[in-house]
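Residue numbers (UniProt numbering): 1 to 447. The C-beta atom is built at its ideal place from N, Cα and C for all residues, glycine as well. To start, the structure itself, in structure tokens.
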Amino acid sequence: MGSSAILRRSRSAVIFRSLCDYNSTATFRSLNSWCGRESAANRVMSTMSGVSSSESRSPSISPPWLMLPPSLEGGDKIYKFFRPTESGVMSFTERSHGGESPDDDARLVGCSHGWVALFNRRNNDLFISNPITRRHIKLPPIHTLPDPELNLDLDGHGSVSKVILSSSPDDEECRGMMSFGPSNRLAFCLPGRSSGWTPIGHLFEDSDHHYPFIRCARVYEDLVYCSRRKVFTSITSGDLNLSSLYFLDRERYFPERHDWDIEDPACAGIVRSEQLEFHENGKGTLTWLEENIEVLEDECIQIPHLVYAEHSDQLFLALRFVQLMNPDGHSPLGYIPYCGFKGLSDVFPGKTFGFIVIEIDEEGKCTVVDDLNGLAMFVGVNNSFAIPAFKPNSIYFTDANRIRMISGANDTGIFDYQLKTISPCYHAPTTSTPHASPVWFTSNCFT
Numbered sequence: 001m002g003s004s005a006i007l008r009r010s011r012s013a014v015i016f017r018s019l020c021d022y023n024s025t026a027t028f029r030s031l032n033s034w035c036g037r038e039s040a041a042n043r044v045m046s047t048m049s050g051v052s053s054s055e056s057r058s059p060s061i062s063p064p065w066l067m068l069p070p071s072l073e074g075g076d077k078i079y080k081f082f083r084p085t086e087s088g089v090m091s092f093t094e095r096s097h098g099g100e101s102p103d104d105d106a107r108l109v110g111c112s113h114g115w116v117a118l119f120n121r122r123n124n125d126l127f128i129s130n131p132i133t134r135r136h137i138k139l140p141p142i143h144t145l146p147d148p149e150l151n152l153d154l155d156g157h158g159s160v161s162k163v164i165l166s167s168s169p170d171d172e173e174c175r176g177m178m179s180f181g182p183s184n185r186l187a188f189c190l191p192g193r194s195s196g197w198t199p200i201g202h203l204f205e206d207s208d209h210h211y212p213f214i215r216c217a218r219v220y221e222d223l224v225y226c227s228r229r230k231v232f233t234s235i236t237s238g239d240l241n242l243s244s245l246y247f248l249d250r251e252r253y254f255p256e257r258h259d260w261d262i263e264d265p266a267c268a269g270i271v272r273s274e275q276l277e278f279h280e281n282g283k284g285t286l287t288w289l290e291e292n293i294e295v296l297e298d299e300c301i302q303i304p305h306l307v308y309a310e311h312s313d314q315l316f317l318a319l320r321f322v323q324l325m326n327p328d329g330h331s332p333l334g335y336i337p338y339c340g341f342k343g344l345s346d347v348f349p350g351k352t353f354g355f356i357v358i359e360i361d362e363e364g365k366c367t368v369v370d371d372l373n374g375l376a377m378f379v380g381v382n383n384s385f386a387i388p389a390f391k392p393n394s395i396y397f398t399d400a401n402r403i404r405m406i407s408g409a410n411d412t413g414i415f416d417y418q419l420k421t422i423s424p425c426y427h428a429p430t431t432s433t434p435h436a437s438p439v440w441f442t443s444n445c446f447t
């Protein structure tokens, strides 16, 4: 398909939206042995990246584990972790001891620094849980937010898209950031120390002078913590039409990148705000876009993942194309069933079709890259990151909580960024539990 054909198809703008059982000595020793191997792998990665441990401003990310959906056995919750480096699975048992804890069917809404964020929709309670040490910390419930009409439905139920931490909650400087409500607004707290969430940023876009009476929500598509910069970085929604990307159309409204400094809660706020500007594109990636333009525009939704490479202090936007499937989960739906009043239908599972990766430099200039320079990216509902290890030039992906997987299928795999092919990462069994999906888990074990 030629460039003129791509231009003709520009009408279809795709918009960013839409434990271990300590009674088992063998298990404990196995875990310690495993942690030792992971620490050794960390040192290797540090050498590969050219950054020594003394030069790094924060601990390196451990090689990740794929945390599989937990199962219930005799009242105990069993967590299983797949280790891609060794192709093995390790299990940890969380025994019921009473007290406040997440519901068995709590929705996983985040993962960072060895802690998973879990949301009880029945009572709006939020927890962060360490599946290895079996600890739970209750976060402020979302009904502590002001303006409940912005985040609660008519039945009083709230919604949470993502919760990430800046560090372990045992660190007094730990901060938690949450995207909440139908429009993914932002709020922060001090895990274990705050009694409520504090909204941050503008709740609404600036009014259009043509329609001053219309107030549009400020929508944040994703967020990530940048450890070397000590800021949370978020990205707003924008009109990223594939044709405009191909032709570097500067008339389009591209997303904005916002950096948030919340180290001091009393003066937390935005320290950087800029509209992304595309100035160069990788030719090989654009060839893939051109060859698949019809499917990408007519059958796929876009899910943006902000990805941070700690070892090199680089920021990326991994733009994910998810093809909507029929309820059987096998055949493409062929269109995007979007309703202006209800949003994207939640009865159709999604299947990742591919990615394009955009590097964002310090000035906010964006480049569509053809090569990941040996990096492996890990994206999903976790705090997405990139490391120089595993299979280079690959994107390891899991479900992103943007499409409800009611079919029980798991959208998990590895996208080869150079070959533009998808291969399985782990053949996880289907589950009847809504929203149950694997997630990339990083941990420093017992630290």
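Between the alpha carbons of residue 267 and residue 353, how many angstroms are there, rounded? Within the sequence shown, numbered from 1, the residue matching residue 267 stands at position 267. Within the sequence shown, numbered from 1, the residue matching residue 353 stands at position 353. Roughly 42 Å between the two C-alpha positions.
Could you give the distance in angstroms between the alpha-carbon of residue 178 and the alpha-carbon of residue 168? One-based indexing of the sequence shown puts residue 178 at position 178. One-based indexing of the sequence shown puts residue 168 at position 168. So the two alpha carbons sit approximately 16 Å from each other.
Candidates 297, 365, 316, 69: which alpha carbon is nearest residue 279's? In the sequence shown, residue 279 corresponds to position 279, counting from 1. The candidate whose alpha carbon is nearest that of residue 279 is 365.
With distance defined between alpha-carbon atoms, name the residue in 110, 441, 164, 84 nearest to residue 231. For the purposes of this step, residue 231 is identified with residue 231 of the sequence shown, where counting begins at 1. Here the closest residue by C-alpha is 164.
So, do the stretch 291-298 and the stretch 256-272 have three or more beta carbon pairs nearer to each other than 8 Å? no
Taking buried to mean at least 16 other C-beta atoms within 10 Å of its own C-beta, is residue 439 buried or exposed? If you number the sequence shown from 1, residue 439 lands on position 439. Buried, since its Cβ has 16 or more Cβ neighbours within 10 Å.
Give every residue of the same chain whose Cβ lies closer than 6 Å to the Cβ of residue 103, excluding the five residues on either side of it in the sequence, and list them in chain order. Here residue 103 corresponds to residue number 103 of the sequence shown, with the count starting at 1. Excluding residues within five positions, the ones whose Cβ falls inside 6 Å are 120.
Name, in chain order, the residues that DSSP records as bridge partners for residue 110. Translated into the one-based positions of the sequence shown, residue 110 becomes position 110. Paired residues: 117.
Work out the CA separation of residue 80 and residue 89 for me, nearest whole Å. Indexing the sequence shown from 1 puts residue 89 at position 89. Indexing the sequence shown from 1 puts residue 80 at position 80. Answer to the nearest angstrom: the Cα atoms are 6 Å apart.
Are at least three pairs of beta-carbons, each pair with one atom in the stretch 373-387 and one in the stretch 322-331, less than 8 Å apart? no
C-beta neighbour in chain D for residue 228, strict 8 Å: In the structure shown, chain D cannot be found, because there is only a single protein chain.
May I ask you to report which of helix, strand or coil DSSP gives residue 363? On the sequence shown, position 363 is the one that residue 363 refers to. In this structure, residue 363 counts as coil in the three-state DSSP scheme.
Who pairs with residue 352 in a beta bridge, going by DSSP? Your numbering for residue 352 matches position 352 in the sequence shown. Residue 352 is bridged to 322.
Any idea what DSSP makes of residue 79, helix, strand or coil? As a position in the sequence shown, residue 79 is number 79, starting the count at 1. The answer is strand: DSSP assigns residue 79 an E or B state.
Residue 116 and residue 132 closer than 8 Å at C-beta: Start at 1 with the first residue of the sequence shown, and residue 116 comes out as number 116. Start at 1 with the first residue of the sequence shown, and residue 132 comes out as number 132. Not a contact, by the Cβ cut-off of 8 Å.
Contact set for residue 182: own chain, Cβ-Cβ below 7 Å, skip 5 residues either direction: Your numbering for residue 182 matches position 182 in the sequence shown. So the list reads 159, once near-sequence residues are dropped.
Rounding to the nearest angstrom, what Cα-Cα distance links residue 356 and residue 199 in this structure? Your numbering for residue 356 matches position 356 in the sequence shown. Your numbering for residue 199 matches position 199 in the sequence shown. The straight-line gap from Cα to Cα measures roughly 32 Å.
Any chance you could list the beta strand (DSSP E) runs of at least 3 consecutive residues sitting entirely within the stretch 272-315, in chain order? 277-281, 300-309
Residues in the same chain with beta-carbon distance under 7 Å from residue 257, minus the five sequence neighbours each way, listed in chain order, please. Within the sequence shown, the letter at position 257 stands for residue 257. The residues are 233, 235, 274, 276, 360, 364.
Residues bridged to residue 413 [DSSP beta-bridge criterion]: The sequence position of residue 413 within the sequence shown is 413, counting from 1. DSSP, once it has assigned bridges, lists 397 as partnering residue 413.
Return the residue from the list 124, 166, 176 that minimises the CA-CA distance to residue 153. Here residue 153 is taken as the residue at index 153 of the sequence shown, counted from 1. Cα-wise, what sits closest to residue 153 is 124.
Nearest residue (CA-CA) to residue 108, options 400, 301, 386: Along the sequence shown, one-based indexing puts residue 108 at 108. Residue 108 has its Cα closest to that of 400, out of 400, 301, 386.
Could you tell me which uninterrupted beta strand (DSSP E) segments, each at least 3 residues in length, are contained entirely in the stretch 121-200, listed from first to last along the chain? 125-130, 135-139, 160-165, 176-180, 185-189, 198-200
Identify whether residue 386 lies in helix, strand or coil by the three-state DSSP scheme. Your numbering for residue 386 matches position 386 in the sequence shown. Of the three classes helix, strand and coil, the one that applies to residue 386 here is strand, per DSSP.
Can at least three beta-carbon pairs, one atom from the stretch 189-198 and one from the stretch 222-230, be found at a separation below 8 Å? no
Sort 162, 86, 137 by Cα distance to residue 170 and report the nearest one. Counting from one through the sequence shown, the residue named residue 170 turns up at place 170. The shortest Cα separation from residue 170 among 162, 86, 137 belongs to 137.
Roughly how many angstroms lie between the CA atoms of residue 186 and residue 180, to the nearest whole one? Reading the sequence shown from its first residue, position 186 is the one you call residue 186. Reading the sequence shown from its first residue, position 180 is the one you call residue 180. For residue 186 and residue 180, the distance between alpha carbons rounds to 6 Å.
So, helix, strand or coil for residue 376, using DSSP? Residue numbering aside, residue 376 sits at position 376 when the sequence shown is read from its first letter. In this structure, residue 376 counts as strand in the three-state DSSP scheme.
Three-way DSSP call (helix, strand, coil) for residue 267 in this model: Sequence index remark: in the sequence shown, residue 267 carries index 267 (1-based). Residue 267 falls in the helix class under three-state DSSP.
Terminal residues of the continuous beta strand (DSSP E) containing residue 222? Along the sequence shown, read from residue 1 onward, the residue named residue 222 stands at position 222. Start and end: 220-226.
Count the other CB atoms, across all protein chains shown, that sit within 10 Å of the CB of residue 302; report buried if there are 16 or more and exposed otherwise. Counted from its first residue, the sequence shown places residue 302 at position 302. Residue 302 is buried by the Cβ-count criterion.
When DSSP labels each residue in this structure, what does residue 72 get in the three-state scheme? Along the sequence shown, one-based indexing puts residue 72 at 72. Residue 72: strand per DSSP, three-state reduction.
Based on the DSSP secondary-structure assignment, which residues constitute the bridge partners of residue 261? Locating residue 261 in the sequence shown gives position 261, counting from the first residue. Beta-bridge pairing links residue 261 to 269.
Is it true that the CB of residue 348 sits closer than 8 Å to the CB of residue 337? For the purposes of this step, residue 337 is identified with residue 337 of the sequence shown, where counting begins at 1. For the purposes of this step, residue 348 is identified with residue 348 of the sequence shown, where counting begins at 1. Taking 8 Å as the Cβ cut-off, residue 337 and residue 348 qualify as a contacting pair.
Label residue 264 either buried or exposed according to how many other C-beta atoms from any shown protein chain fall within 10 Å of its C-beta, with 16 as the threshold for buried. Counted from its first residue, the sequence shown places residue 264 at position 264. Answer is exposed; the Cβ neighbour count stays below 16.
Quick one: what does DSSP say residue 66 is sitting in, helix, strand or coil? Against the sequence shown, residue 66 aligns to sequence position 66. Reduced to three states, the DSSP call for residue 66 is strand.
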